[in-house]
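A.B. asks: Taken in sequence, the protein lines are chains R, C, V, L, U, Z, H and P.
With our numbering applied, the first sequence covers 97 to 347.
With our numbering applied, the second sequence covers 97 to 347.
With our numbering applied, the third sequence covers 97 to 347.
With our numbering applied, the fourth sequence covers 97 to 347.
With our numbering applied, the fifth sequence covers 97 to 347.
With our numbering applied, the sixth sequence covers 97 to 347.
With our numbering applied, the seventh sequence covers 97 to 347.
With our numbering applied, the eighth sequence covers 97 to 347.
Number of protein chains: 8
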Amino acid sequence: MHKEEICAWLERYRKGEATLEESVASLSRMSYEDIGFAQIDHHREMRQGFPEVIYAEGKTQEQTREIFLRLLSESKKSVMATRVPVEMAAYVREVVPEAVYDETARILYVRRDTEAVDETRRILVLTAGTSDIPVAREAALTAELMGNAVDVCFDVGVAGIHRLFAHEQEIRNANVIIVAAGMEGALASVVGGMTARPVIAVPTSVGYGASFHGLSALLAMLNSCAAGVAVMNIDNGYGAGVLASKINHTR
Amino acid sequence: MHKEEICAWLERYRKGEATLEESVASLSRMSYEDIGFAQIDHHREMRQGFPEVIYAEGKTQEQTREIFLRLLSESKKSVMATRVPVEMAAYVREVVPEAVYDETARILYVRRDTEAVDETRRILVLTAGTSDIPVAREAALTAELMGNAVDVCFDVGVAGIHRLFAHEQEIRNANVIIVAAGMEGALASVVGGMTARPVIAVPTSVGYGASFHGLSALLAMLNSCAAGVAVMNIDNGYGAGVLASKINHTR
Amino acid sequence: MHKEEICAWLERYRKGEATLEESVASLSRMSYEDIGFAQIDHHREMRQGFPEVIYAEGKTQEQTREIFLRLLSESKKSVMATRVPVEMAAYVREVVPEAVYDETARILYVRRDTEAVDETRRILVLTAGTSDIPVAREAALTAELMGNAVDVCFDVGVAGIHRLFAHEQEIRNANVIIVAAGMEGALASVVGGMTARPVIAVPTSVGYGASFHGLSALLAMLNSCAAGVAVMNIDNGYGAGVLASKINHTR
Amino acid sequence: MHKEEICAWLERYRKGEATLEESVASLSRMSYEDIGFAQIDHHREMRQGFPEVIYAEGKTQEQTREIFLRLLSESKKSVMATRVPVEMAAYVREVVPEAVYDETARILYVRRDTEAVDETRRILVLTAGTSDIPVAREAALTAELMGNAVDVCFDVGVAGIHRLFAHEQEIRNANVIIVAAGMEGALASVVGGMTARPVIAVPTSVGYGASFHGLSALLAMLNSCAAGVAVMNIDNGYGAGVLASKINHTR
Amino acid sequence: MHKEEICAWLERYRKGEATLEESVASLSRMSYEDIGFAQIDHHREMRQGFPEVIYAEGKTQEQTREIFLRLLSESKKSVMATRVPVEMAAYVREVVPEAVYDETARILYVRRDTEAVDETRRILVLTAGTSDIPVAREAALTAELMGNAVDVCFDVGVAGIHRLFAHEQEIRNANVIIVAAGMEGALASVVGGMTARPVIAVPTSVGYGASFHGLSALLAMLNSCAAGVAVMNIDNGYGAGVLASKINHTR
Amino acid sequence: MHKEEICAWLERYRKGEATLEESVASLSRMSYEDIGFAQIDHHREMRQGFPEVIYAEGKTQEQTREIFLRLLSESKKSVMATRVPVEMAAYVREVVPEAVYDETARILYVRRDTEAVDETRRILVLTAGTSDIPVAREAALTAELMGNAVDVCFDVGVAGIHRLFAHEQEIRNANVIIVAAGMEGALASVVGGMTARPVIAVPTSVGYGASFHGLSALLAMLNSCAAGVAVMNIDNGYGAGVLASKINHTR
Amino acid sequence: MHKEEICAWLERYRKGEATLEESVASLSRMSYEDIGFAQIDHHREMRQGFPEVIYAEGKTQEQTREIFLRLLSESKKSVMATRVPVEMAAYVREVVPEAVYDETARILYVRRDTEAVDETRRILVLTAGTSDIPVAREAALTAELMGNAVDVCFDVGVAGIHRLFAHEQEIRNANVIIVAAGMEGALASVVGGMTARPVIAVPTSVGYGASFHGLSALLAMLNSCAAGVAVMNIDNGYGAGVLASKINHTR
Amino acid sequence: MHKEEICAWLERYRKGEATLEESVASLSRMSYEDIGFAQIDHHREMRQGFPEVIYAEGKTQEQTREIFLRLLSESKKSVMATRVPVEMAAYVREVVPEAVYDETARILYVRRDTEAVDETRRILVLTAGTSDIPVAREAALTAELMGNAVDVCFDVGVAGIHRLFAHEQEIRNANVIIVAAGMEGALASVVGGMTARPVIAVPTSVGYGASFHGLSALLAMLNSCAAGVAVMNIDNGYGAGVLASKINHTR
């Protein structure tokens, strides 16, 4: 969206060459791009500080590639797509060879660092187990691409709680903490009780039987006895990364 | 069902050649066709204005083809089957080469326009995201085949709400609006608050984790704070198309 | 909201006495009234053809009375509040003695007929049992207050299906049909198969045990084998009345 | 289990050659056969009138074949296994070539008619749709193998209720009626209201979205407004066949 | 419904004094009585062998009394209402002093024995615990009023299974067995394995915590490893009584 | 149950004065007492080491008093009833003045210590919060009455985990540990990771919103990442006390 | 907890007057106060910046009063209790007359402002409807007592979305936004799309039928298409206030 | 973890060469091994009597192999991994050829018997059906590897309860009993009523339809009328084995 275009419209309206209705409609339309199957929200960067991120699940390879290309050309910031299967990544990379694919996080991205990262406001990503790592990586990489300093520490679940306490210093130093845990999700409560910083809890679908694909951890985190734990959707590492970044970029 | 046959039976009854019981049974039976695995409801067109539509899920290729052929020969209107896998479509088209298969909507149909379409009573189909398009297409194509003028507008979800408002005029012009949305399904409520026309909400199974395959959007739509939103089963684009058509054909 | 005020603002803007931002904000604010605990939406009548309806559940007596009075003075149409307990009705009627309270429907209203009712577009409200009557009355009264001709027919559930068929003619004559049913909610499907008109199904919380307060009927109606049945929230007679009225008022 | 063996033990006990404890244990053990992974209940025929039926799901091919062989040699009645995949059927038929496999019902059986069937006590199996046929076949074949006269009538669901009424005579003639229906399962209630005979309702997993794999039909059937409908587990045609047979064989 | 009236209509139709449509409508209407809030199904006795039973939950005292009186005068059989609160019973008894109220079963009835009871076809009602007795009484009294010989045996749950086996003889003698059990509902499976007769399982809402008001017993009974167990809605003793009576009255 | 009676029957059988069937039936019957609404299981003490415990919920005051008196006279061990409301306790104490009522645990009991308690096998009962105390007391008192040494420690939940670690020594010394916790139930997992002893987890209904009356804690405990945690029903302190006692009395 | 005491223990240990084990245990114990039914966590203020807050639900009046008094004397900051019924508030105020009770928020507190509030970091609390106000007030008051500048804006739900847009400026100015909404909870998604700041969503139990006491809004918020929305437990205004305060106090 | 290292650190601290903080951190860290994707808990053997067990689900082949090797070299006890697919077992066995793979139990292990097994404290594992055997084997093998004497008895479900009673003696002899059952899970209650020993109930996902992948059996076991039944997660044979071993190793 070019500023000149906006000014042109405002001028036209003031001169009476366009009705109020026409002007509002035109200005609105300028802020996104209609490519038939999608309305790319180029305005999002202005409203939210980061361009639209492609959620690839349910999109065809062609759709994802098309949107990826548009975002690359319209924005100066990093461009990323989440939940990208390996074949789709290859398909996009045919025309965007500079794109990097992180197989664990299932994120395809082109990194373009446009702002300095504040190294004192660190985001710490913890997992209860090894199996929670993919979700944690999605969170960590998202936060990094959005301009944050990120640390990780995996497999510190409560069944051997001394492993967690050994990381007490890192927990104290973090500005925001993300906890990814499946099964009974108890790690969020324990960490929530150890720090005055915001804790973002991501239930994972790790577990079986009565974990009901993450429901168990989700309910546990919503009912955390440690007050003020922010809960995300099951396996939603991306959302956790975004929220951590937003918190990190408050005044 | 031939009219003469009906008259013959009525005559026979009045003359005492048949008991009341025999007559009722015969007349009822005439209205459908028993082909063993199915009782084709040829009467439906009379009762509902459109012949029976084949729901292909759970039917074998042979069963679908057989019913398709019977409907083609018994009705003068368009014939359609929903939830048709690509192989089944090919199988039916071997003997019905004029049938068209819409792969996105998964509908196989033979179009036979028998009535003029009222262009002033337009049905508008909106989706929250790109991934909701298959459901929207099922709704749109169904409504078209049942004799309605249909417009579509995809990917106008509430996270970038200016995209929706840019379509305010189309929303105002529509006689009925179908909203297909997954995740939190909020689009139905926002649209419901913008218009005096009936809004039909179709929750889709798009989402992950605690969307529970569409349950999240379904509950949201049932609880819409915008009064009078009609809710359909999850992913039931077909039902939305039928309801929109029925509304469009009221007095 | 006075038209003059709107014009005044538009004029001011064109003359440059107000910025675009100021103008938009002012015009928006004019369309509702901020009374602290509520933002009364006086604009709704323009957008939706009927003023805001008060949903009394969760509101104090004072809040309901206050909003009722504001709506009475701002609109020329009927004013109504739903889910009103008997004491709250008495409390409001102290200052609005002309208000009528329907105890079965739990609706408090002041009727002001401002438009002629189209008697040929009749809405028919059916119930499966006697216990579903309160929900049906909420639907019927809502539709009446919104300017529709309404008929009712109670206790025609499927366990004695001849009772339903005796009303076949009324079903055929109706322009829209509302079905309120609890337990297994089968009535909606049977009626849906008998007519080409839109059927609005309202599950009620009538039943016990595995009816789970209406869940059983809700799921049944969402899965109706009769295509195009519009489903409402459990016990939401009000919503059914609104939708029926909206359908009745399409082009 | 040989009668002589039982007598021998009883004698031994009376003579004081065996303690009470030993005797009871031995007699109990005789009534089943321990083959390691299973304890075949040869006593069931005496208690229940039909030998143990093999539920093949979760069993290996070897286990099913082994049990099938033992039942064939121990009982004089028909032998059957349910939920048999096509490969497993072939595997068993290698050594039991006289076994018949019904692919729709997924039942493998050897029929041995040992009693006369009472043709006046007929069991009628109805389905709401074509997709419910596999469940209905499991029920019908089970009842037949257990010595009952069975009729079937498919695709008579409530959306075109005249198809059902055309079969009113058969419904009246049946001694027991089995109704297999998915989606909203309304057929059971309608049939339940038409007859004084016991109705056995089998919810099927046919449907999608909010049918939740048969939950919708299950709840509907449990809440049937027609009193005295017997409900089975989802897709449990076998159980329906057994219950119908038991009812047919009461005094 | 008077036979003469039926004949009169049939005659009128044959003579051409009435159209087919008029005749069918009239005959249908004759079979029930429209009293505004209810359509009393006087035809039910003909279809099902017992007049309509009043389900009092959700009905007002006035409604229940009115229907009770109508049934008393139209039928010659016993009349009964279920789920009757103690005050409603008193209210009805003011005008029907001969009515008896069973407080445990919460049934109000007037007994009129019109047929001989077959003492050899006994129905046995078992409960797992003392708290299940109200449901069992509803079942037993219902079956009795419908003309069956009924025995009861309470508190024979599986935690002390010798109590059950002491009643083995009664179980063997019964023609139909009703099992009312809450908590884990295991009694139905054990009894189901002991007899060749039909077993009707009624889950009760007895239990706490994860019994979820009877869901636990309901699911257990639906999944019974004893084949052919008929399951009722939670606490639905009435339905169990009706089904047992229907089974008892098959050919 | 008198030993002499048993011997008498055995003798009678050996002499041929009674058939096997008669003998087994008689011996079985001796082991419980039929008082109409209940079959008191006097045999339980022999099988399980403790007499039947009265679960008062769903029983009338009369029923509870009657069973309490029978147990007092038949057993020499402590007698107890759980879930006893305060009025029922008073009613029983009218005739059993020596009975003690613990209002927090809602247990009514007569203590009769018949065996020495093993002080080295201590049971430790922990709670996450103050609101979990009633459940913990039910567990502790049950275990005490069954002859165990019990310690308690309340309000040591994970949000301030140093409170728990201060009790590390007691945890190490315990032979069995009971953890009562609501909300997210994380305490069970943390304790489970600190000890080699069996941990019994009792979810409580403490919490609100998405705790769903204890479901949240229940699922968390079932999914504990600490292996071998035994889970009880929600609020089932009694069951936890019984299990702890059983574990304490293994070889 | 006095610093001198800590030093004394460290000294003792270094001199060998205490073992490591004794020292650790003593230091831990110092950080909380054992009053039998509760272990008051005086250490929490050091770890989390605010003293323990009393959750009154499930506590007796005596317990709440006792803990309130201890916190008042041990901390210099504000003291508060949530979910306090009106009678409990009166009971505590008998001995703490300076305590203030907010009846809408159900919070009892003594305000002691010990730090300057940063007026530029404002927290904005929005509600969808009037009925959501109690939850919003709990959030707002909590955040205020924890030292934050808080603004509120009620009844700006999406069914009349212009009411929300009129507050666009306040939304842009806020540092953190709390959204309390019941029914379909769509407000959180719309607000989430309008700002780059963290949005905290609190589902409320406002609604009926298929809102299932807040489940509908909870699922909707977890599935928000606006990325990075933090979700709280149903009706958990307190948690939202704490999280907002934590975010506001990051670096 | 070498004892010398611990002593060295304690010495260093006493001499003032290390601060308290440094010492605690170091000692903690020593107790586990950080290999990036996992923090192996070498301390677990000291706390719980058995080294960490690898839960292979969700881990890559490389991760499992790496941890397996580390555990083999750090512990002298048996090493085991659960939920191991056949290919992963082969992959690990390439470098650990002495490892044994039990395909039914899906456990990979190296057995190293370091303690004498107490043959008088036997663990008995029962299953209701043949399909429950894999879960039972996981339980049995786990208990064996942890140093217990284990007996098994399969297919003794309640539908043919004499099969169970034939094993009464083994049940009486066992010190702990594990019951694995799917469907309605009734076996746990019956066994729980037969013995004074602890019963561990493992619901299995065996069943279909309304068994909801084991939910039915899970709820049944939680609501067992036999007091003191310990419940495990669905299909969690491993947890049952661990708990049985812990009970067997109490004082």
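Virtual Cβ for every residue (Gly too), placed ideally from N, Cα, C.
All figures in this text were calculated on a predicted structure; none of them were measured in a lab.
So with Cβ pairs under 9 angstroms, would you call residue 229 of chain Z a contact of chain R?
C.D. replies: no
A.B. asks: Counting only Cβ-Cβ distances shorter than 7 angstroms, please list the residues of the stretch 127-146 of chain H near chain R, keeping chain order.
C.D. replies: 143, 144 and 145
A.B. asks: Using 8 angstroms for Cβ pairs, my map puts residue 156 of chain V next to residue 188 of chain V. What's the rounded Cβ distance?
C.D. replies: Actually they are not in contact, since the Cβ atoms of residue 156 of chain V and residue 188 of chain V sit about 12 angstroms apart, beyond 8 angstroms.
A.B. asks: Hey, residue 218 of chain V and residue 245 of chain V are a contact pair by Cβ (cut 8 angstroms); roughly how many whole angstroms apart?
C.D. replies: A Cβ-Cβ distance of about 5 angstroms is found for the pair residue 218 of chain V and residue 245 of chain V, placing them in contact under the 8 angstroms criterion.
A.B. asks: Output, in sequence order along the chain, the residues in the stretch 288-306 of chain R whose CB is closer than 7 angstroms to any CB in chain P.
C.D. replies: 302, 304, 305 and 306
A.B. asks: Looking at C-alpha atoms only, which residue of L/224, L/164 and L/265 is the closest neighbour of residue 191 of chain L?
C.D. replies: L/164
A.B. asks: Select from the stretch 232-250 of chain H all residues with a C-beta closer than 8 angstroms to any C-beta belonging to chain V, and list them in chain order.
C.D. replies: 250
A.B. asks: Does the stretch 299-307 of chain C come within contact of the stretch 285-296 of chain H, defined as at least 3 CB pairs closer than 8 angstroms?
C.D. replies: no
A.B. asks: Residue 285 of chain V touches chain L at which residues, Cβ-Cβ below 7 angstroms?
C.D. replies: Those within 7 angstroms of residue 285 of chain V in chain L are 254, 255, 280 and 282.
A.B. asks: Pick helix, strand or coil for residue 304 of chain C, following the three-state DSSP scheme.
C.D. replies: Residue state, collapsed to three classes: coil.
A.B. asks: With the cut-off set at 9 angstroms, would you say residue 153 of chain C and residue 256 of chain L are in Cβ contact?
C.D. replies: No, the pair does not count as a contact, with Cβ atoms beyond the cut-off.
A.B. asks: In whole angstroms, what is the alpha-carbon distance linking residue 241 of chain P and residue 193 of chain P?
C.D. replies: 18 angstroms
A.B. asks: Buried or exposed for residue 199 of chain Z, going by 16 or more other Cβ atoms inside 10 Å?
C.D. replies: exposed
A.B. asks: Are there 16 or more other CB atoms within 10 angstroms of the CB of residue 182 of chain L, so buried, or fewer, so exposed?
C.D. replies: exposed
A.B. asks: Are the stretch 330-337 of chain U and the stretch 221-241 of chain U touching by the rule of at least three beta carbon pairs closer than 8 angstroms?
C.D. replies: Yes, since at least three Cβ pairs between the stretch 330-337 of chain U and the stretch 221-241 of chain U fall closer than 8 angstroms, the two stretches touch.
A.B. asks: Run the proximity test for residue 334 of chain L: is its beta-carbon closer than 8 angstroms to any non-hydrogen atom belonging to the ligand FMN?
C.D. replies: Only the bare structure without any ligand can be found here, which leaves the ligand FMN out of the picture.
A.B. asks: Using 9 angstroms as the threshold, is the C-beta distance between residue 262 of chain H and residue 128 of chain V below it?
C.D. replies: yes
A.B. asks: Is the separation between the beta-carbon of residue 173 of chain L and that of residue 324 of chain U shorter than 9 angstroms?
C.D. replies: no
A.B. asks: Less than 9 angstroms between the C-beta atoms of residue 287 of chain Z and residue 328 of chain Z, yes or no?
C.D. replies: no
A.B. asks: Quick one: measure Cβ to Cβ for residue 239 of chain U and residue 339 of chain L, integer angstroms, because I've assumed they're closer than 8 angstroms.
C.D. replies: Residue 239 of chain U to residue 339 of chain L, Cβ: 18 angstroms. No contact.
A.B. asks: Report buried or exposed for residue 169 of chain Z, applying the criterion of at least 16 other Cβ atoms within 10 angstroms of its Cβ.
C.D. replies: Residue environment analysis places residue 169 of chain Z among the exposed positions, since fewer than 16 neighbouring C-beta atoms fall within 10 angstroms of its C-beta.
A.B. asks: Which residues does DSSP list as the beta-bridge partners of residue 296 of chain C?
C.D. replies: According to DSSP, which records beta bridges pairwise, residue 296 of chain C is partnered with C/274 and C/326.
A.B. asks: May I ask which residues mark the beginning and end of the alpha helix (DSSP H) holding residue 259 of chain Z?
C.D. replies: 258-261
A.B. asks: When Cβ atoms are compared, which residues of the stretch 309-339 of chain Z fall closer than 7 angstroms to chain U?
C.D. replies: If you check each beta-carbon in the stretch 309-339 of chain Z against every beta-carbon of chain U, the ones closer than 7 angstroms belong to 310, 314, 329, 330, 331 and 332.
A.B. asks: May I have a chain-ordered list of the beta strand (DSSP E) segments no shorter than 3 residues that lie completely inside the stretch 180-256 of chain P?
C.D. replies: 196-198, 203-206, 218-223 and 245-249
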